[in-house]
Amino acid sequence: MRIATWNVNSVKQRLEHLLTWLKEAEPDVVCLQELKCVDEAFPASEIESAGYNVAVHGQKAFNGVAILSRRPFDEVRRGLPGDEADVQARYLEAVFSVGSRALRVASIYLPNGNPPDTEKYDYKLAWMDRLIAHAGGLLAFEEPLVLAGDYNVIPTARDVHDPALWAGDALFLPRTRAKFQEFAALGLTDAFRACDGREGQYSFWDYQAGAWQKNNGIRIDHLMLSPEAADVLRAARIDKHVRSWEKPSDHVPVVIDLAL
DNA sequence: ATGGCCAATATGATTGGA
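No gaps in the numbering here: position 199 of the first sequence is 203 in the working numbering, and each next residue is one more.
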């Protein structure tokens, strides 16, 4: 079972890349973020023709998450619980049958939070609290669970090319990292870090200032695993070559293999 | 050259990204 996450920065702009990468990587489940379109504008037929079922939680212009799956969906949940007034499309959850087991996967687009001295940062931290509460409930099922997405969190100094440059950023502030630690401490495993301890492994490079050419990146796209999923983790990788394609997203896919 | 981008929006300056 191959599961991936990718912030595509507009699914309409990135459709050709997505179809090429699906054929190349052959994932079973894909979590997408930053669709930047409403449900009706999502290119469902093109993706279905590539062999995937589609669940979409879109929004006009911003945000938007989707899950693609070769298997049929048993259940789909749209939106993160905990705030009925939150209209931002940042969370989508699905359940699949894998043999006799249930596999639950969520596509997450955690708020950026910049600038940190504004209500945007408060929203980020509150969203993380809601995610912690919801994840706690899901972990109680004691099933394979993959919470995958663009977390907009640099977990440690090892995950950024120049920690000092990011010290005051909402993605790397101590409060942000502490909250992410609290989330992981529920019993979640960072799949990539469980497989690869090297420095210089990133999932995002800014479009500006030649960041890609200089490998000035950050690792902010994560697949977080329940113990039942971590037990069957076999491999994790970052498909960084996608960043060198023409007109790329600023994020690249992160991929794991589970023995399910 | 110590700076350089990109996408969406009643489409032209603004907003958001990270």
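Where is the CB? At the ideal position from N, CA and C, for every residue including glycine.
Remember, it's a predicted structure, so these values are computed and weren't measured experimentally.
Using 9 Å as the threshold, is the C-beta distance between Val258 and Ala8 below it?
Here residue 258 refers to the residue found at position 254 when the first sequence is read from its first residue. Here residue 8 refers to the residue found at position 4 when the first sequence is read from its first residue. Contact: yes.
Residues in its own chain within less than 7 Å of Glu79 by CB, not counting five upstream and five downstream?
For the purposes of this step, residue 79 is taken as the residue at position 75 of the first sequence. Within the same chain, Glu79 has close Cβ partners Ala98, Val99.
Would Lys244 and Tyr206 be called neighbours here (beta carbons separated by less than 9 Å)?
Sequence index remark: in the first sequence, residue 244 carries index 240 (1-based). Sequence index remark: in the first sequence, residue 206 carries index 202 (1-based). Against a cut-off of 9 Å, the Cβ pair of Tyr206 and Lys244 comes out as a contact.
Using the Cα positions of Pro148 and Val236, report the straight-line distance between them to the nearest angstrom.
The residue labelled residue 148 in the question sits at position 144 within the first sequence. The residue labelled residue 236 in the question sits at position 232 within the first sequence. Spanning the two alpha carbons is a distance of roughly 9 Å.
What does a CB cutoff of less than 6 Å around Tyr125 pick up in its chain, not counting 5 residues either side in sequence?
Residue numbering aside, residue 125 sits at position 121 when the first sequence is read from its first letter. Closer than 6 Å at Cβ, skipping near neighbours: Gly117, Ala174.
If you scan the segment 93-121 from start to end, which runs of the beta strand (DSSP E) of 3 or more residues do you find wholly inside it?
If we require 3 residues or more, the beta strand (DSSP E) runs fully inside the segment 93-121 come out as 95-102, 105-113.
Would you report the Cα separation of Glu38 and Arg81, rounded to the nearest angstrom?
Counting from 1 along the first sequence, the entry for residue 38 is found at position 34. Counting from 1 along the first sequence, the entry for residue 81 is found at position 77. Near 18 Å, if we compare the C-alpha coordinates of Arg81 and Glu38.
Can you tell me the Cα-Cα spacing of Glu44 and Asn11, whole angstroms?
As a working note, residue 44 is residue 40 in the first sequence. As a working note, residue 11 is residue 7 in the first sequence. When the Cα atoms are used, Glu44 and Asn11 turn out to be separated by approximately 19 Å.
CB-CB under 7 Å to Ala89, same chain, minus the five flanking residues each way: which ones, in chain order?
Within the first sequence, numbered from 1, the residue matching residue 89 stands at position 85. Nothing listed; no residue qualifies.
Decide if the segment 131-139 is in contact with the segment 182-193; the criterion is three or more beta carbon pairs, one per stretch, under 8 Å apart.
yes
If contacts are defined as beta-carbon pairs under 8 Å, then Val157 and Leu114 qualify, I think. What distance do you get, rounded to the angstrom?
As a first step, residue 157 must be located in the first sequence, where it is residue number 153. As a first step, residue 114 must be located in the first sequence, where it is residue number 110. Their Cβ separation, rounded to whole angstroms, is 7 Å, which keeps Val157 and Leu114 in contact under 8 Å.
May I ask which residues mark the beginning and end of the alpha helix (DSSP H) holding His21?
Counting from one through the first sequence, the residue named residue 21 turns up at place 17. Segment 19-29, the alpha helix (DSSP H) holding His21.
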